[in-house]
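> Reminder that position 230 of the sequence shown reads as 230 in our numbering, one-by-one numbering, no gaps.
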Amino acid sequence: MDALKEKALQYHSLDGVPGKVSVVPTKPCQTAEDLSLAYTPGVAKPVLEIAENPEDAYKYTSKGNLVAVISNGTAILGLGNRGALASKPVMEGKGVLFKRFADIDVFDIELDEKDPEKIIAIVKAMEPTFGGVNLEDIKGPECFEIEQRLIEMCNIPIFHDDQHGTAIISTAGLMNATEIVGKKLSDIKVVVNGAGAAGISCSKMFVAAGVDPKNLTLLDSKGVIYKGRAEGMTKEKREFAIETDKRTLADAMVGADVLMGLSVADCVTPEMLLSMAKDPIVFAMSNPNPEITYDLAVATRSDLIMATGRSDFPNQINNVLGFPFIFRGALDVRAVKVSEGMKMAAAKALASLAKEPVPEVVKRAYGGREFTFGRNYIVPKPFDPRVIEWEAVAVAKAACEEGLAARPISDWEGYRASLVKRMAHYWA
1 MDALKEKALQ YHSLDGVPGK VSVVPTKPCQ TAEDLSLAYT PGVAKPVLEI
51 AENPEDAYKY TSKGNLVAVI SNGTAILGLG NRGALASKPV MEGKGVLFKR
101 FADIDVFDIE LDEKDPEKII AIVKAMEPTF GGVNLEDIKG PECFEIEQRL
151 IEMCNIPIFH DDQHGTAIIS TAGLMNATEI VGKKLSDIKV VVNGAGAAGI
201 SCSKMFVAAG VDPKNLTLLD SKGVIYKGRA EGMTKEKREF AIETDKRTLA
251 DAMVGADVLM GLSVADCVTP EMLLSMAKDP IVFAMSNPNP EITYDLAVAT
301 RSDLIMATGR SDFPNQINNV LGFPFIFRGA LDVRAVKVSE GMKMAAAKAL
351 ASLAKEPVPE VVKRAYGGRE FTFGRNYIVP KPFDPRVIEW EAVAVAKAAC
401 EEGLAARPIS DWEGYRASLV KRMAHYWA
């Protein structure tokens, strides 16, 4: 058994307690009186209040701070379709991250179902339980329809993290990387290798951030997505079809300023990297092995800005910088959805925070390493306690400005202070 496997399996079964999450009551239940209040007859009182005024569910139950993490296991991390049951460690892990970084409670729900219509019906039926839904590890193209339909049907935030999490963090990194090398988003040529959920979402968000759609080349496993191509096309891919005679990844990378890799390991060669423009930006996100290894990439181009999905190299594009804080802001103003504006607000907040001096607590969390805005530090670190006050506030503000907040906030400094206080014991 390799060392990582042994450590991981031991971690998940430590002290004879399987898994990573449990349910802990927030009210005492030590006496007969406590029991009569927690359950019958006392529980009837909030039941009647909620029946008369559904909004009181946010007052008398945990709904407002409870997120469903839902998967059917058809696209687990980089492991593919391993089934609903096998997805449970990942969904539990997601719950740990929600709690640790944003103090949000989670029920993980693994659905043994592949039919999009049935998944949509199941999730919609559970809407009364939750303040929001995080869809996870559901393969494309079904994931697009499932998320979009649920957004239209539900009155709580629905967020497919595989699509939007990577896009939000990558967009923050792209904004800062282009600034560092003195390039404008409107001028750069971008190659996105991988047209799954994350690739499509990254492409959309890059365009929303200022990339010219004519300068964005999207590829799937069959090559460049160009106008007139028939094989393997979907509605989402057709949106990014361009007029071009380029057909392969090697063709597309010639003269490109940016490569966004959301595909497979080792598909990029040093020759491809050398064909890119001056000061190339490469986000090699295939996990655990990127499209080109970090060491090979930096040895090939000294003017490179390189990011991966891995924690052992600089510029990790980590979804944990997104979903906990996006849901925190959305839940706190009771947003009815997570809009494109809220996603962009999150990206801009992360980009701005990366330019701030890094406090000692962050350096200690990473073994005393120094971090300064530049080629090796384009997005904040997950263990930066300031992320929640920057990102959640930005998301909540955007929801309020767009009229999506059922409980808008006006005292933003007070809200910021409440977030710091809420998370203080996690950073003690």
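No residue lacks a Cβ here, since even glycine has one placed at the ideal position from N, Cα and C.
Can you say whether Tyr431 is buried or exposed, counting buried as having 16 or more other CB atoms within 10 angstroms of its CB?
Lying before the first or after the last residue shown, residue 431 is absent from the chain, which here runs from 1 to 428.
> Look at the Cβ atom of Glu389, then the Cβ atom of Val420, and state whether they are nearer than 8 Å.
Yes.
> The beta strand (DSSP E) that contains Phe159, what's its start and end?
Segment 158-160, the beta strand (DSSP E) holding Phe159.
> Classify Glu356 as helix, strand or coil using the three-state DSSP reduction.
Here Glu356 sits in coil by DSSP.
> Whose CA, out of Phe101, Glu127, Asn81, lies closest to the CA of Lys114?
Out of Phe101, Glu127, Asn81, Asn81 has the C-alpha closest to the C-alpha of Lys114.
> Can you tell me where the beta strand (DSSP E) with Ser71 in it begins and where it stops?
66-71 is the extent of the beta strand (DSSP E) around Ser71.
> If you follow the alpha helix (DSSP H) that Gly322 is in, where does it begin and where does it stop?
Looking at the DSSP string, Gly322 is not in any alpha helix (DSSP H), and its letter there is neither H nor E.
> Cβ atoms of Ala345 and Ala394: under 8 Å apart, would you say?
For Ala394 and Ala345, yes; Cβs fall inside 8 Å.
> Counting along the chain, where does the alpha helix (DSSP H) carrying Ala284 start and finish?
Not the alpha helix (DSSP H): Ala284 falls in the beta strand (DSSP E), residues 281-284.
> What are the start and end residues of the alpha helix (DSSP H) that includes Ile388?
Ile388 -> alpha helix (DSSP H) spans 387-401.
> Once the 5 residues before and after Cys441 are set aside, which same chain residues still bring their CB inside 8 Å of it?
No answer is possible for residue 441: the residues shown for the chain start at 1 and end at 428.
> Consult DSSP for Leu216 and reduce its assignment to one of helix, strand or coil.
DSSP places Leu216 in strand when its eight states are reduced to three.
> With a 10 Å radius around its C-beta and 16 neighbouring C-beta atoms as the bar for buried, classify Val224 as buried or exposed.
So Val224 ends up on the buried side.
> Could you check which residue in Ser352, Leu218, Ile242 has the C-alpha nearest to that of Gly228?
Gly228 has its Cα closest to that of Ile242, out of Ser352, Leu218, Ile242.
> Would Glu136 and Val69 qualify as a contact pair, given that the criterion is a beta-carbon distance under 8 Å?
Contact flag set, yes.
> Return the residue from the list Leu262, Pro128, Ile305 that minimises the CA-CA distance to Pro290.
Among Leu262, Pro128, Ile305, the Cα nearest to that of Pro290 belongs to Leu262.
> Would you report the Cα separation of Glu33 and Pro41, rounded to the nearest angstrom?
Cα to Cα, Glu33 sits roughly 10 Å from Pro41.
> Count the other C-beta atoms from every protein chain shown that fall within 10 angstroms of the C-beta of Ala51, then say buried if there are 16 or more, exposed otherwise.
Exposed: under 16 other Cβ atoms inside 10 Å.
> Just verifying my parser: in three-state terms, what is the DSSP assignment at Glu110?
Glu110 falls in the strand class under three-state DSSP.
> Here's the rule: buried if 16 or more other CB atoms are within 10 angstroms of the residue's CB, otherwise exposed. What is Val358?
By the 10 Å Cβ count, Val358 comes out buried.
> If you check the beta carbons only, do Leu331 and Ile104 fall under 8 Å apart?
The answer is yes: Cβ separation under 8 Å.
> Among residues of its own chain, excluding the 5 on either side of Ser203, which ones have a beta-carbon nearer than 7 Å to its beta-carbon?
Result list for Ser203: Val192, Leu216, Leu218, Phe240, in chain order.
> So, at 6 Å on beta carbons, what are the nonlocal neighbours of Ala265 in its own chain, with the 5 sequence-adjacent residues on each side left out?
Counting only Cβ-Cβ distances below 6 Å, and skipping sequence neighbours, we find Ser286, Asn289.
> Flag this pair as touching only if the stretch 126-143 and the stretch 155-170 have three or more C-beta atom pairs under 8 Å; answer yes or no.
Short answer: they touch.
> With C-beta atoms as the reference, is Asp212 less than 8 Å away from Ser186?
The answer is yes: Cβ separation under 8 Å.
> If you run the structure through DSSP and keep just helix, strand and coil, what is Val191?
Three-state DSSP puts Val191 in a strand.
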